[in-house]
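One structure is given here, and the rest of the page talks about it.
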């Protein structure tokens, strides 16, 4: 049985087309393998990035907790310093009062000592000059 030429040409063309498609399929196979490898590597990178983000998130959380603790301690220390400062201010004011009282007392004493004659004459009665004469009995 003889196949007509037309049919033989058609089969030959189909064989060529099939061969070309097979070649293209082989070429695509390498591309698909490379794409699979790339996807696999991207998945690994994604997992690594996710791990790094989790670690960084943990560090940020820890840092925020530390910052909060430091802020709390600074506030507590500030309150303590303010309290101590007020206590010292009161002590200094009391000491200043005592110093001014002592200065006043010393000033008064010095004033009285310097003017003792005036005050003694004010405190004693002034008597007219009395001359005591002695009788001479002969």
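In our numbering, the protein residues as written are 109 to 246.
We treat Cβ as the ideally placed atom computed from N, Cα and C, and that holds for glycine.
| Asked | Found |
| --- | --- |
| Whole-angstrom distance between residue 223 and residue 208, CA atom to CA atom | 22 Å |
| Euclidean distance between Cα positions of residue 171 and residue 181 | 15 Å |
| Alpha-carbon to alpha-carbon, residue 220 and residue 228 | 10 Å |
| Reduced DSSP category for residue 215 - H, G, I as helix; E, B as strand; rest coil | helix |
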